[in-house]
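Step one of this worksheet: look at the structure below.
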Amino acid sequence: MSGLIKTFKEATALQCSFLEKLLDMDMVQVASFSGSLVEFLRPSSENKFVYGIAAGRSALALYSFLQLIQNHFDNIFPFTLEDPVQRHYRKGRNLGIAISGSGETQAVNKYIDDIITLGGEIMLITANEKGTAYKMVKDYDKGSVLVIQARTKQSTDKDTRSRLSPMGTEFELQVLAFLNALAPDIQSRLKGICDPACPSYQSTIRDFEDNARLITEMDCDHLEHWFDRLFPRSGRYIIGGVGRSGLVARAFEMRFTHLNKISYWERDFNTPSFQIGDVYIPITGIGNTYEAMEGTLNALSKGADVMPITANPSSRQVQVLKKHGRERDIAVIPVKNEYKNMFCGDTSSTTWLMSDYTKFRYPIFEINASIFTNSVVAVGAEFLGIVEAGMRRMHV
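For the sequence shown, my numbering gives the first residue as 3, with consecutive numbering after it.
This is the structure in structure tokens:
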């Protein structure tokens, strides 16, 4: 086994342990957090507004949950840091959900202060009990705090964690998994099933972990080829995806910047046209997404490489790459047998609008794609000889 494959497997196993630690949380606190959300989300004739208050990759983890809420609740409307709180504030119909690992992100704390000033409800997830955000919300009578203990509490070998999980991957991954696992518990409580042990939450976390461990069983020779194609290049990296997969794609694109690579998210206003030497990396579970297919065909026509991350080995996208002799450039992320039917076939969409199937689909691919891409970043850091301190200097 090469050093890169060893790093990939170790990084994936480490992230699985991050998921496992979510089962060690105090279920009383988890139930309380879920219960607070239920009270706000209960069906009502009035429109309600949820503010997602976060920045960077933490924001992308939170936006995945907000998208899930919007898909399931017709009268709940999410907003982000781009919208001033005062613009949509309605007394009794607003909830702020803030995510901040350090608790010191100025933009996040400013929005928390705005909600507190207006007298709104605020919920915070953080990893730092000594942070400014924690103190602000903890001392507020309409605030609640949930602490997900990340590196500062869990680390037993800081050097190993920095190598395999650079830039604090664990907090963002845990927030993503926690909120998605909380969704089934919220649905149960809305139906009147209020178990303080949160069995739906716990079973979902275990399911996420079981699926994630399958990533370590990916073919080593194929992975090594994929890494050798991905990293030793001077061209640009253009990462694509829509919906929840798009949020994973944006987080992945950020990490290429930290690796000192020139990267773009496919749908940014400043993303250049494809050219020879570029690589297009669409992240798409079913592999038939309209945007991913258009991007794939466009990239190939301009001489760029296409290296998709998908869960569907029989998609139209895969068929196109096979015709071009690029089958080994495809990374197929495994899922448990019971979920394979969700990611099969070659039926394509012809519109950017999401189907009901896509809206309500279990987010198993997005969790696995997050773990896979985080492990790829650890491999890239080793391949390129970049330590965590160097990545932090590139962090914006």
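Where a beta carbon is used, it is the ideal one built from N, C-alpha and C, also for glycine. Quick caveat: nothing in here was measured; it's all calculated off a predicted structure.
Are there 16 or more other CB atoms within 10 angstroms of the CB of residue i, so buried, or fewer, so exposed?
| i | result |
| --- | --- |
| leucine 299 | exposed |
| alanine 199 | exposed |
| glutamate 172 | buried |
| phenylalanine 271 | exposed |
| glutamate 296 | exposed |
| isoleucine 101 | buried |
| valine 30 | exposed |
| histidine 227 | exposed |
| glutamine 321 | exposed |
| aspartate 28 | exposed |
| arginine 59 | buried |
| isoleucine 150 | buried |
| isoleucine 240 | buried |
| glutamate 384 | buried |
| glycine 434 | This structure cannot speak to residue 434, because the chain is shown only from 3 to 398. |
| glycine 122 | buried |
| histidine 326 | exposed |
| aspartate 307 | buried |
| isoleucine 195 | exposed |
| glutamine 319 | buried |
| glycine 305 | exposed |
| glutamine 108 | exposed |
| aspartate 187 | buried |
| threonine 158 | Bear in mind that a pLDDT of 47 at threonine 158, under 50, signals an unreliable position, so the model cannot answer this. |
| lysine 193 | exposed |
According to DSSP, simplified to helix, strand and coil, what is residue i?
| i | result |
| --- | --- |
| tyrosine 266 | strand |
| threonine 312 | strand |
| isoleucine 150 | coil |
| threonine 107 | coil |
| proline 274 | coil |
| isoleucine 96 | Reading the sequence as shown, one finds asparagine at residue 96 and not isoleucine. Strand at asparagine 96. |
| glycine 297 | helix |
| phenylalanine 79 | strand |
| histidine 335 | First, the residue type needs correcting, since residue 335 is isoleucine and not histidine in the sequence shown. Looking at isoleucine 335 - three-state DSSP - the assignment turns out to be coil, as it is neither helix nor strand. |
| glycine 289 | coil |
| aspartate 307 | strand |
| glycine 194 | coil |
| isoleucine 101 | strand |
| glycine 245 | helix |
| glycine 133 | coil |
| glycine 387 | coil |
| aspartate 358 | With a pLDDT of only 44 at aspartate 358, under the threshold of 50, the placement of this residue in the model should not be trusted; the figure read from the coordinates follows. Correct three-state label for aspartate 358: helix. |
Short check: CB of residue i to CB of residue j, under 8 Å?
| i | j | result |
| --- | --- | --- |
| asparagine 182 | proline 365 | yes |
| serine 104 | glycine 145 | no |
| phenylalanine 374 | isoleucine 335 | yes |
| phenylalanine 276 | asparagine 314 | no |
| isoleucine 7 | cysteine 222 | yes |
| tyrosine 142 | isoleucine 118 | yes |
| glutamine 17 | alanine 185 | no |
| serine 38 | methionine 125 | yes |
| glycine 279 | threonine 312 | no |
| glutamate 368 | arginine 246 | yes |
| lysine 338 | leucine 178 | no |
| valine 250 | alanine 371 | yes |
| alanine 13 | serine 265 | no |
| glycine 54 | leucine 68 | yes |
Can you give me the start and stop residues for the alpha helix (DSSP H) that residue i sits inside?
| i | result |
| --- | --- |
| proline 201 | 201 to 215 |
| lysine 324 | 318 to 325 |
| glutamate 219 | Note, glutamate 219: premise wrong, no alpha helix (DSSP H); not H, not E. |
I'd like the span of the beta strand (DSSP E) that includes residue i, first residue to last.
| i | result |
| --- | --- |
| isoleucine 124 | 123 to 128 |
| valine 281 | 281 to 286 |
| leucine 240 | Here residue 240 turns out to be isoleucine, not leucine, going by the sequence shown. Looking at the DSSP string, the run of the beta strand (DSSP E) that includes isoleucine 240 is 239 to 242. |
Self-check item: Those runs of the alpha helix (DSSP H) which lie wholly inside the segment 5 to 74 and span at least 4 residues
Solution: Taking only runs of at least 4 residues, the alpha helix (DSSP H) segments lying wholly in the segment 5 to 74 are 5 to 23, 29 to 43 and 58 to 74.
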